[in-house]
Amino acid sequence: MSSLTDLYKEIAACQRCILSKTATRAVPGEGPENARIMFIGEGPGFHEDQQGRPFVGAAGQFLDSLLASIDIKREQVYITNMVKHRPPNNRDPLPGEIAGCRPWLDKQVATIRPKIIITLGRHSMELFFPGKSISKIHGTYIRKDGLICFAMYHPAAALHQQSLRQEIESDILKVRPLLNEMEKEPEPVKTEVKPETKREPKQLNLF
Ligand code: URA
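Numbering (my numbering), first residue to last: 8 to 214.
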């Protein structure tokens with residue numbers, strides 16, 4: 008069984024925060040284990056909570072069209088969220104909920120080892136660009152721990168604010184050249200993970 012399948016079972020059983028009590032099911036994330044691009048959104052909404060899959064509602068359809076604009080299929084990327092259970096009424100996830108869910112995200116990053124992480128919205132942006140404002144840094148990136156972290160507005164922002172749609176559409180166009188650039192770089196040396204440390208989700212301090 009793949010490491011991600013094992014991880015999804017652990018996430019499905021997670022009761023670290025109150026969100027697991029109110030959500031219908033966990034939405035761990037989806038995509039291939041060898042994805043080069045990983046998107047990190049905020050948290051599941053109504054449709055995601057119903058289906059157990061990330062970004063399947065209106066924001067997800069817009070994300071699919073953004074990917075198509077750079078010739079990338081949804082099946083080629085990994086998509087997940089800061090929190091794996093839906094916050095009630097789509098409220099923002101609380102800092103404690105984000106912190107409680109963080110070890111799952113760290114494990115996903117450690118397993119997939121993407122070349123580019125794209126943050127969608129301010130909650131995931133905060134991981135890599137603490138204290139920054141999304142209106143200032145969207146469409147820009149930093150290099151960290153051998154990968155590129157690229158900040159974007161959340162696709163749902165375009166649904167509420169038409170003026171942001173073009174910004175998002177032009178930001179995603181910067182991803183393709185970045186990916187080409189990263190493909191040329193040598194693979195980082197893989198560090199051996201001991202089996203006993205593999206099982207426990209723990210803070211990897213990747214960011
Ligand atoms: N918004 C998110 O942040 N994540 C989803 O999965 C869906 C909508």
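Cβ coordinates follow ideal geometry from the N, Cα and C atoms, glycine included.
Own chain, CB closer than 6 Å to residue i, minus 5 neighbours either side, in chain order
| i | result |
| --- | --- |
| G52 | G64 and N97 |
| A283 | Residue 283 cannot be examined here, being either before or after the span of the chain that is shown, 8 to 214. |
| L14 | K114 |
| I175 | Y160 and A165 |
Cutoff 7 Å; reference residue i; Cβ partners in own chain excluding five residues on either side
| i | result |
| --- | --- |
| D178 | H145, G146 and M159 |
| T234 | Nothing in the structure corresponds to residue 234, since the chain is present only between 8 and 214. |
| L171 | Y160, A164 and A165 |
| I105 | M89, V90 and H130 |
| P61 | V34, G36, E37, G48, P51, E55, I86, T87 and N88 |
| R43 | P121, K122, I123 and L186 |
| S72 | none |
Check: residue i C-beta below 6 Å from any heavy atom of the ligand URA
| i | result |
| --- | --- |
| P137 | no |
| E55 | yes |
| F62 | yes |
| E37 | no |
| P51 | yes |
| G48 | yes |
| A158 | no |
| A66 | yes |
In DSSP terms, what residue i is bridged to
| i | result |
| --- | --- |
| C156 | I124 and I149 |
| E194 | According to DSSP, which records beta bridges pairwise, E194 is partnered with nothing at all. |
| G48 | N88 |
| E55 | Beta-bridge pairing links E55 to no other residue. |
| E37 | I86 |
C-beta atoms of residue i and residue j nearer than 7 Å
| i | j | result |
| --- | --- | --- |
| N88 | E49 | yes |
| G38 | V90 | no |
| M189 | I119 | no |
| T29 | P95 | yes |
| I155 | I123 | yes |
| P162 | L70 | yes |
| Y148 | F157 | yes |
| G218 | C24 | Nothing in the structure corresponds to residue 218, since the chain is present only between 8 and 214. |
8 Å CB neighbourhood of residue i in its chain, flanking five on each side removed
| i | result |
| --- | --- |
| E207 | Per-residue confidence for E207 stands at a pLDDT of 46, beneath the threshold of 50, marking its modelled position as unreliable; no derived number is given. |
Beta carbon proximity, residue i to chain B, threshold 7 Å
| i | result |
| --- | --- |
| M89 | The question asks about chain B, but that chain is absent: this structure has only one protein chain. |
Residue i Cβ short of 6 Å to the ligand FAD heavy atom set
| i | result |
| --- | --- |
| N88 | The ligand content of the structure shown is limited to the ligand URA, which means the ligand FAD is not among them. |
(request) Can you check the region 90 to 144 for any alpha helix (DSSP H) of at least 4 residues that lies completely inside it and give the ranges in chain order? (result) Fully enclosed alpha helix (DSSP H) runs of 4 or longer: 102 to 119, 129 to 135 and 141 to 144.
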